[in-house]
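Residue numbers (the working numbering), protein chains in the order written: chain G, 1 to 422; chain B, 423 to 844. Here is the structure we will look at, set down as structure tokens.
2 protein chains.
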Amino acid sequence: MTDYAGIAQSLAARAQAAAEILRAAPTAQKDAFLRRLADALEAHQSQILARNRLDMGAGRDRGLTAALLDRLELDEARIAGIAQQVRDVARLPDPVGALTPWQKQSSGIEVARMRVPLGVVLMVYESRPNVTVDTAALCLKAGNAVILRGGKEAFQTNQALSDLVRQALRDEGLPDDGAVFVDDTARDLLYRLLEQSGRIDLAIPRGGTSLIEAVDAHAKVPVLQHYQGICHVYVHQAADLDMAERITINAKVQRPGVCNAAEGLIVDEAVARAFLPRVVAELISRGVEVRGCDKTAALADGVVPAGPADFDTEFLDLTLAVKVVAGLDEALAFIAQHGSGHTESIITTDEDAAARFVRTVDASCVLHNASTRFNDGGALGLGAELGISTTKLHAYGPMGLEELCTRKFVVRGTGQTRGDVP
Amino acid sequence: MTDYAGIAQSLAARAQAAAEILRAAPTAQKDAFLRRLADALEAHQSQILARNRLDMGAGRDRGLTAALLDRLELDEARIAGIAQQVRDVARLPDPVGALTPWQKQSSGIEVARMRVPLGVVLMVYESRPNVTVDTAALCLKAGNAVILRGGKEAFQTNQALSDLVRQALRDEGLPDDGAVFVDDTARDLLYRLLEQSGRIDLAIPRGGTSLIEAVDAHAKVPVLQHYQGICHVYVHQAADLDMAERITINAKVQRPGVCNAAEGLIVDEAVARAFLPRVVAELISRGVEVRGCDKTAALADGVVPAGPADFDTEFLDLTLAVKVVAGLDEALAFIAQHGSGHTESIITTDEDAAARFVRTVDASCVLHNASTRFNDGGALGLGAELGISTTKLHAYGPMGLEELCTRKFVVRGTGQTRGDVP
Chain G
1 MTDYAGIAQS LAARAQAAAE ILRAAPTAQK DAFLRRLADA LEAHQSQILA
51 RNRLDMGAGR DRGLTAALLD RLELDEARIA GIAQQVRDVA RLPDPVGALT
101 PWQKQSSGIE VARMRVPLGV VLMVYESRPN VTVDTAALCL KAGNAVILRG
151 GKEAFQTNQA LSDLVRQALR DEGLPDDGAV FVDDTARDLL YRLLEQSGRI
201 DLAIPRGGTS LIEAVDAHAK VPVLQHYQGI CHVYVHQAAD LDMAERITIN
251 AKVQRPGVCN AAEGLIVDEA VARAFLPRVV AELISRGVEV RGCDKTAALA
301 DGVVPAGPAD FDTEFLDLTL AVKVVAGLDE ALAFIAQHGS GHTESIITTD
351 EDAAARFVRT VDASCVLHNA STRFNDGGAL GLGAELGIST TKLHAYGPMG
401 LEELCTRKFV VRGTGQTRGD VP
Chain B
423 MTDYAGIAQS LAARAQAAAE ILRAAPTAQK DAFLRRLADA LEAHQSQILA
473 RNRLDMGAGR DRGLTAALLD RLELDEARIA GIAQQVRDVA RLPDPVGALT
523 PWQKQSSGIE VARMRVPLGV VLMVYESRPN VTVDTAALCL KAGNAVILRG
573 GKEAFQTNQA LSDLVRQALR DEGLPDDGAV FVDDTARDLL YRLLEQSGRI
623 DLAIPRGGTS LIEAVDAHAK VPVLQHYQGI CHVYVHQAAD LDMAERITIN
673 AKVQRPGVCN AAEGLIVDEA VARAFLPRVV AELISRGVEV RGCDKTAALA
723 DGVVPAGPAD FDTEFLDLTL AVKVVAGLDE ALAFIAQHGS GHTESIITTD
773 EDAAARFVRT VDASCVLHNA STRFNDGGAL GLGAELGIST TKLHAYGPMG
823 LEELCTRKFV VRGTGQTRGD VP
């Protein structure tokens, strides 16, 4: 029987030893590693594609869906894109070592907070091989070691990519165990890894709900989750209806399969008669199935009556649930009940209503007069992200380099003691 | 059989409904509640003391230790101290709603982060009844609802105190379920509470290691831990030895039973002959048992040879483990191996050595020329704290009002969509 507990401990200990060195690695050395990695990805393109073809062949033999095979497949353009992202991360400011202003206390000590790496991050992901490189780049730039545990569908590709990451680390004089590749995708090994408290500081599952729930159920280490996005556009009675229509269509149709796409539209009764017929017609003309409450169905043509589950579903598809409300209070209550804490947008020209909505709504990103699609790291100015956390602890929303760090207190004194010297 | 799952869900749902209101409660109303609570604690002193006597009597009957009874006991001075702390919290700035500067993105949207309450905090604690009031005050000031689950030893006192918290909330027009008292201390109910993901945002255990481990083992909600403090004073070869002696004695002797007291002393070989004989003599004269490595024992009188476990033990007592090292590198490696990530201090006049120590050491608080005893919320300028987190996620070190909040992204636009409007 395989000693998964022993293997997990050994993998985590290797990453931990590397993290001790990476914690203090100079910015220039980390950035040189990233540029070298980007070059290596392009230089070794044919080897990566050969390994990727092995995964694709095995995937076809196992009958993977076309959507899964598409996520899995690499080509020259995708590799160039991955390399470009690594170069972008190299250009971002180093989050490590940043200090808040020193504050002198009555005791005479001066106190600040310094941003420092978390330590060891365990990434658990599925079939997208780009995650191997993207997360390694972000974790290492932030001074962390990363343990990469991808899905078995992408095993050959992930291994080829992580070999390049480890070689680039070695070539820049950094410990290659800054990226530890888990070369056995057995669930039991994953579960033993999730128990390595004291060696692993954070686990991040990226994938479907069943993966997240499995990680959560077995984790003894802290976990940041990226659960579903049931996001709404709320058209307030003082909305610019042309703007509301553009934003609704963008939020629903531009990329319906992503977490920050709108799944619900909420409309104030006062503008429902003016707004719903036109927006529903435009949505239907773009292939959207509109499932509406009774009032919606009475006002617009082509509306399917909404069932009880429709207001609590992440469709990830061209389906939109529409609800007419009496006003801001009912809209806030509706979002509190049905939203998933991901992304919520109000469309209004009334600044007081907007301020109340923005302050009150409990979601990782709350927008006024902008599309829900803006809730991602690039669009919000983080530079790059490693997923959108719906956990409120530590990071709420897109996780960038700063969120891959923690802050410690630093104190400088001139010999101060607390109270007397007994 | 008691339906603990149903009770837990109902308690958590009550707190969650209150949290929806508290999230948006004005600062003035929260502060008025706190001042009213402080007054009520003093006005109802005799009732509180009567209930406390019931706990004390039951505790004596059950044979609680003198130390436990001391933690449990209230008197007029302690109640006045608790009321004073509540007034201090009322005077602290409201952390909720604080905005980072707006940053305009290339899309035209402006992005900031707003500090917002976590939601519902579950406090799990033991025999100190002051925790009931302290944590309710901090959680409520930060706009959260709190579920109070104290130990059975303090049940009567905790209930009396939480009744006053709930009455003060009602009197100020705030929902009394902002403080939900768990009136059944069965472990099974605690475990079911710890499973209320989606209703409870954070659990904080305050107490001994066995309580923390039990909470950790059963929690499906995020947990912030306050584990042990194995803290060191490191006397570098360029230390001012008078300062080093004062700080060593203060860190070990002033209050040996607390987590930020020093458990270890590390001394550079170059100054060991000059420093150890004097500091060991001073420590021994204050009743400290000095357990030293071979070199320590060779240089100073009265040293007990350190056993293998001594460098990994939180003594919480007048015992100190002493290790002589070759220099900074060995000191850093020793701390990485034996420290618990709590508090570490270097004593030196060499700014380069201090900078390297402060940057490299992985602990929630790293000090230069100051006593380890400064690692608490009051001394570091947070105003008040709810424990010292040794978890790196979210809060690392003392948890004040800011750490009882999270940050959401807020966006203001003028109709921006992401990419095109399809």
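All C-beta atoms, glycine included, are put in the ideal place defined by N, C-alpha and C.
First and last residue of the uninterrupted beta strand (DSSP E) at residue i
| i | result |
| --- | --- |
| Met536 (chain B) | 532–539 |
| Leu68 (chain G) | Careful: Leu68 (chain G) lies outside any beta strand (DSSP E), inside the alpha helix (DSSP H) at 66–72. |
| Leu789 (chain B) | 787–792 |
| Val89 (chain G) | Run containing Val89 (chain G): none in the beta strand (DSSP E); it sits in the alpha helix (DSSP H), 76–91. |
| Arg834 (chain B) | 827–838 |
Below-7 Å beta-carbon distance, residue i vs any chain G residue
| i | result |
| --- | --- |
| Gln676 (chain B) | yes |
| Met665 (chain B) | yes |
| Gly503 (chain B) | no |
| Asn566 (chain B) | no |
| Leu627 (chain B) | The question names Leu, but residue 627 (chain B) in the sequence shown is Pro. Taking Cβ atoms only, chain G never reaches closer than 7 Å to Pro627 (chain B), which makes this a no. |
| Glu532 (chain B) | no |
| Glu498 (chain B) | no |
| Leu540 (chain B) | yes |
| Ile669 (chain B) | yes |
| Thr828 (chain B) | yes |
Cβ-based neighbour list, residue i, same chain, cut-off 8 Å, excluding 5 preceding and 5 following
| i | result |
| --- | --- |
| Gly481 (chain B) | Leu490, Leu491, Leu494, Glu575 |
| Ile7 (chain G) | Asp184, Leu189, Arg192 |
Neighbour flag for residue i against chain B, beta carbons, 7 Å
| i | result |
| --- | --- |
| Arg14 (chain G) | no |
| Asp352 (chain G) | no |
| His44 (chain G) | no |
| Leu380 (chain G) | yes |
| Arg423 (chain G) | Missing from the structure shown is residue 423 (chain G); chain G here goes from 1 to 422 and no further. |
| Gln103 (chain G) | yes |
| Asp201 (chain G) | yes |
| Arg432 (chain G) | Because residue 432 (chain G) is not part of the residues shown, which for chain G are 1 to 422, the question remains open. |
| Ala98 (chain G) | no |
| Val358 (chain G) | yes |
Identity of the residues DSSP links to residue i by a beta bridge
| i | result |
| --- | --- |
| Ala145 (chain G) | G:Val120 |
| Phe275 (chain G) | Answer is none; Phe275 (chain G) lacks a bridge partner. |
| Ala262 (chain G) | G:Cys231 |
| Gly714 (chain B) | B:Pro727, B:Val744 |
| Tyr125 (chain G) | G:Arg206 |
| Ser429 (chain G) | In this structure chain G extends from 1 to 422, so residue 429 (chain G) is not present and cannot be described. |
| Gly572 (chain B) | In the DSSP output, where bridge partners are listed per residue, Gly572 (chain B) has none listed. |
| Phe603 (chain B) | B:Leu570 |
| Ser197 (chain G) | G:Ile200 |
| Asp690 (chain B) | B:Val747 |
Residue range of the unbroken alpha helix (DSSP H) whose run includes residue i
| i | result |
| --- | --- |
| Asp760 (chain B) | The question names Asp, but residue 760 (chain B) is His in the sequence shown. Taken as a continuous stretch (DSSP letters only), the alpha helix (DSSP H) holding His760 (chain B) covers 750–760. |
| Gly803 (chain B) | First-last for Gly803 (chain B): undefined, no H or E at that position. |
| Ile105 (chain G) | Note on identity: in this sequence residue 105 (chain G) is Gln, with Ile being the wrong assignment. Premise fails: Gln105 (chain G) is in no alpha helix (DSSP H) and is neither H nor E. |
| Phe577 (chain B) | 577–593 |
| Phe374 (chain G) | Phe374 (chain G) -> no alpha helix (DSSP H), and no H or E assigned at all. |
| Leu456 (chain B) | 449–465 |
| Arg356 (chain G) | 351–360 |
| Ala434 (chain B) | 426–444 |
| Glu736 (chain B) | Glu736 (chain B) -> no alpha helix (DSSP H), and no H or E assigned at all. |
Contacting residues, own chain, Cβ-Cβ under 7 Å from residue i (five flanking each side not counted)
| i | result |
| --- | --- |
| Leu804 (chain B) | Pro820, Gly822 |
| Val120 (chain G) | Ala12, Ala15, Gln16, Ala19, Asn144, Ala145, Ile147, Arg199, Ile200, Asp201 |
| Gln838 (chain B) | Ser529, Gly530, Ile531 |
| Glu172 (chain G) | Gln29, Ala32, Phe33, Arg36 |
| Ala447 (chain B) | Gly565, Leu596 |
Cβ shell of residue i (< 6 Å), same chain only, five flanking positions each side left out
| i | result |
| --- | --- |
| Cys365 (chain G) | Thr343, Asn375, Gly397 |
| Leu789 (chain B) | Ser767 |
Check each residue of the stretch 782–795 of chain B: if its Cβ is closer than 8 Å to any Cβ of chain G, include it; give the result in chain order.
Answer set for the stretch 782–795 of chain B: Thr782, Asp784, Ala785, Ser786, Cys787, Val788, Leu789, His790, Asn791, Ala792, Ser793, Arg795.
Pull out every residue of the stretch 633–651 of chain B whose Cβ sits closer than 9 Å to any Cβ of chain D, in chain order.
The chain labelled as chain D is not found among the protein chains of the depicted structure, namely G and B.
Could you run through the stretch 408–420 of chain G and flag, in chain order, every residue whose CB is less than 9 Å away from some CB of chain B?
Within the stretch 408–420 of chain G, the qualifying residues are Lys408, Phe409, Val410, Val411, Arg412, Gly413, Thr414, Gly415, Gln416, Thr417, Arg418, Gly419, Asp420.
Output, in sequence order along the chain, the residues in the stretch 264–281 of chain G whose CB is closer than 7 Å to any CB in chain B.
So the list is empty, because no residue satisfies the distance condition.
Output needed in chain order: residues of the stretch 390–403 of chain G with a Cβ under 7 Å from some Cβ in chain B.
Listed by position, the residues of the stretch 390–403 of chain G near chain B (Cβ gap below 7 Å) are Thr391, Lys392, Leu393, His394, Tyr396, Gly397.
If the cut-off is 7 Å on Cβ atoms, which residues from the stretch 707–738 of chain B count as contacting chain G, listed in chain order?
If the cut-off is 7 Å between Cβ atoms, the stretch 707–738 of chain B has Arg708 near chain G.
Going along the chain, which residues of the stretch 20–33 of chain G sit with their C-beta nearer than 8 Å to a C-beta in chain B?
Taking a C-beta cut-off of 8 Å against chain B, the contacting residues of the stretch 20–33 of chain G are Glu20, Arg23, Ala24, listed in chain order.
Going along the chain, which residues of the stretch 746–763 of chain B sit with their C-beta nearer than 8 Å to a C-beta in chain G?
Those would be Ala758, in chain order.
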